[in-house]
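All residue numbers for the sequence shown refer to our numbering, where the first residue is 614 and numbers rise by one.
Here a beta-carbon is modelled for each residue, glycine too, at the ideal position from N, C-alpha and C.
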Amino acid sequence: MWFSKTSETVLKELNSNISTGLSDEEAKKRLSEYGPNRLSTKKKKTLLQLFISQLADVMIYILFGAAIISAMVGEISDSIIILIVIFINAIIGVVQESKAEKALEALKELSTPKAIVKRGGELKEIPSEEVVIGDIIVIDAGRFIPADLRLIESANLKIDEAAFTGESVPADKDAMITIEKDNVTIGDQHNMAFMSTLATYGRGIGVVVGTSMDTQIGKIAKMIDEAEEDSTPLQKRLAQLGKTLGFAAIFICGLIFVIALFQGRDMLEMFLTAISLAVAAIPEGLPAIVAIVLAMGVQRMIKENAIIRKLPAVETLGSVNIICSDKTGTLTQNKMTVTKFYADNSLLNIDNIELEKPSNKLLIHGMILCNDATYTEKSKTGDPTEIALLEAGVKYNLFKESLNEQFQRIDEIPFDSDRKLMTTVNKHEGGLKVFTKGAIDSILKISNKALLGEDIVDLNDEVRKSILKAADEMSDEALRVLACAYKEIDSSNVSIDSLETNLIYVGMMGMIDPPRLEVKDSIKLCKSAGITPIMITGDYRNTAFAIAKELGIAENIDETISGDEIDKFTEETFNENIKDYKVFARVSPEHKVKIVKAFKSHGNIVSMTGDGVNDAPSLKTADIGVAMGITGTDVAKGAADMILTDDNFTTIVSAVEEGRNIYNNIRKSIIFLLSCNFGEIVTLFVAILLNWDTPLLPIHILWVNLITDSFPALSLGVDPGDKGVMNDPPRDPKENLFSGRFGVLLAINGAIMGALTLVAFRVGEHLYPDSLMHAQTMAFVVLAVSQLFYSLSVRNPKKTLFEIGPLTNKYLLGAICLGILLQLAIISIPPIAEIFKVFTLTSRDWGFVILLSLIPFILNELIKILFRKR
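Here it is as structure tokens:
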């Protein structure tokens, strides 16, 4: 632990020298030993590897078998069609998975391109990739840190570590301290500087103690690389469904052969029938349809300011019941803002400053003049705390540039972390005025008077007590408090040593990184939808709780826990107690991952939102990671499943609603497809059981599964959402796709469509006893058209078509019309009819098959009405 060692010890252990640094020869040797100072990544799969991985599926194996057997028995066209189906499904899978993961590449780009090092006693600017362990690095304001450093010297050094810690205010650094504790969070390692953070103030010198993957950012990169990506609930169910259907197909095929042996059937005919059953049992278009429905949902979500990077994340949103959110930049504005001030014994909102009052005017003048930040309409530079003070002045048309011209600064004592004070001397009405700002305790120590109204009074115990009480009230609200004091001096007698003595206390200002205005309503919406919001931050406990309480995330301080307290728990105990906490403060990236895993251990579907480098591992570990699009780092975006383009927490609620509707639509598509497949199985199996001729050929079933069924299934995927979906609790991730009445309806409707297909076949055999093709054509048409009409009933399991509106899904109506037209084309166009082995139907035949095809739709609508009346 470098932070626990003195700078002298560190230099000795690393065999380095602060005066000369490393020699060029030693640097080359170490570069060769440790490698370049850049982040590495694991090797990605090639497109060929991705393609092959798509074929590792039971359903695909069975289709391959069906294609081979078809070719062996001379059914070349069937074999080719099956292989095309396999190829298309594999291509869709490759396209999804080959979307490049950008997290590690973005981490590489965060590395600073140049660094100032001491080599052989001289200062040199070198590429950061050439920095090695033991190098002496010079730090100044505005420069990125090229590697992890143990500071050796520091002068008022402040470093912005928000990307790691989530804190809005840059961390004060002190090279002279050593930290005795173990397991100190990044935010508390004040004698260290970390790769890719930014020095915002002061200067320093450090020795490199970690490069490339051995840095803090390197550890995060490794965590991202190693984070396991769980399959989503839908992916798991579809995978299980595929296995079940695959084994069912094998079982049915085996059963057919046993039956065929007893019936003394022709084995070649049984091969063809087995292929038909295998094809019927497998919904070939299902993976592609689910992917396309998800993709269409993604397009709708873009309009809601949510970009989905990984398609399965859409359905995961519908199950989310825990949203772990980073505080800074996600729940808050990531900008320090003055909200209150104290003067004349009154604690008021900043909007109530009255410049005609001497104390108010002096307070705001002092905060602006005793300030090193710069502020223009186009840019703001400096410490966020000082920028906040300047912005408070801008509200009253008080600009630093004009005040500096009016009250010119002639001397100063810079801010010092030991004194916790900054002092300036400014020309003022023929004399000089000293302004000092800093911590309230430090200001009171050097003041002996106080300005109350227009009077200057002694700073006695009573006045001091009132001031400290007001300071405590502001601190209880998690405000960062700065006080201001002044005195007038003679221009002929300016002594630096006497500037910070006998001052007149003026007042205080309190500031905070405030919550986003719209987030409070978003939190309420989350709760009404059964979603628990959780705050995770690197900020201090009291600050985090104050924000959480204001937003409605937590009500009691007991609902908060710090990173140090988390470390005291065993993993098992922490997992057991996780439900007791709503706010997690002073946490490290490792803690964030631990928190997400703890929530997941209870079966929760967890979303994690964030914008910083420190959020990336937990974003990837969560069931769905959500990054901010505007303020988010490329690292966070690369690790996320979803990106909010407006950085608006409210967008998550809209995305959850859309996710729930998309899942419901996907389930409609799946139920529809499997009902149709079950109907095909019933048709073939019953025909074989009764020793009938085969009513359907493999090419008929492939056509129905891939073309006729696909258009309605896709149209169901864009069905308008249920307006009351957010009044329901999150969907149980363990919920079966066929829970409720869905499974029963699937079986009943499949059986009905299968029975009607058999009726059409037997009627066809009766009407045309010399033409098996004619009977098969009638069965083929009933199977296809009944499924088209049946799709209208799948839209809502409880409401009839006329209750939800026949015209509310025009895509579905178009799909049905297209399906019927294509069916007509197959039968009516001779060359196509020859390929599909179908016969032209008469008007009487068409009337009969249409009547049969309407029965599933009519029965479903009647059942809905009867169930509701009961």
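Residue range of the alpha helix (DSSP H) that includes residue i
i	result
C1430	1423-1441
T562	Any property of residue 562 remains undetermined from this structure, which presents the chain solely from 614 to 1483.
K1133	1132-1141
G1272	1262-1302
P1146	Taken as a continuous stretch (DSSP letters only), P1146 belongs to no alpha helix (DSSP H), being part of the beta strand (DSSP E) at 1145-1149.
G1176	1176-1181
H1387	1385-1407
E1203	1202-1213
A775	775-778
I665	660-667
Span separating the alpha-carbon of residue i from that of residue j
i	j	result
L1350	G1006	60 Å
G755	T1244	19 Å
N1010	S1030	31 Å
D1054	E738	42 Å
R1280	L1138	25 Å
L668	F1480	44 Å
I915	M1255	10 Å
P1410	G1356	11 Å
A1167	K940	13 Å
L770	Q802	13 Å
E917	S1267	7 Å
T929	E1004	42 Å
A776	N1190	28 Å
P1342	G1143	5 Å
L660	E999	52 Å
I1460	V1398	Per the sequence shown, the amino acid found at residue 1460 is Gly instead of Ile. If I take the Cα positions, the gap works out to 12 Å.
Candidates the options: closest to residue i by CA position
i	options	result
V903	I682, L1329, G648, I872	L1329
I1109	K1133, Q1389, T1036	T1036
L1465	I694, L1116, G1377	G1377
D957	T886, V911, V906, L1072	L1072
D1126	M949, V1394, Y1424	M949
T1102	G1066, A1084, K1062, G1043	In the sequence as presented, Thr is not what sits at residue 1102; that position holds Ile. Nearest of G1066, A1084, K1062, G1043 to I1102, Cα basis: G1043.
A1364	G1427, L1396, M1122	L1396
L1116	V1047, K1205, I1136	V1047
H1204	F1298, A1229, T987	A1229
S1288	T619, D1341, K1347, G1367	G1367
G1066	A1326, Y955, L930	Y955
I1440	T1453, L1434, I1429	T1453
A1083	M1121, V623, A861	M1121
DSSP-derived helix/strand/coil call for residue i
i	result
V933	coil
G1377	helix
N962	strand
C866	helix
K721	Because K721 sits at a pLDDT of 45, beneath the cut-off of 50, its placement in the model cannot be relied upon, and the following sentence gives the value as read from the coordinates. Reduced to three states, the DSSP call for K721 is helix.
Y1194	coil
E714	Residue placement at E714 cannot be trusted, given a pLDDT of 42 that sits under 50; the coordinates are not used to answer.
N973	helix
K832	helix
I792	coil
F954	strand
Y814	strand
R1077	helix
N1349	coil
N769	strand
M808	coil
L1092	coil
V623	helix
L874	helix
F1452	coil
I1256	strand
D753	strand
V707	helix
Unbroken beta strand (DSSP E) run spanning residue i, endpoints
i	result
T1321	Counting along the chain, T1321 falls outside any beta strand (DSSP E), and DSSP gives it neither H nor E.
R1154	Not the beta strand (DSSP E): R1154 falls in the alpha helix (DSSP H), residues 1154-1164.
E917	Run containing E917: none; DSSP gives neither H nor E here.
Below-8 Å beta-carbon distance, residue i vs any chain D residue
i	result
V1047	Of the protein chains in this structure there is only one, and it is not chain D.
The ligand ATP heavy atom lying under 7 Å from the CB of residue i
i	result
I863	Looking for the ligand ATP in the displayed structure turns up nothing, as the structure carries no ligands at all.
Starting from the N-terminal side, write out each stretch of the beta strand (DSSP E) that is 3 residues or longer and does not extend beyond the region 1007-1070.
-> 1022-1029, 1034-1041, 1044-1051, 1060-1065
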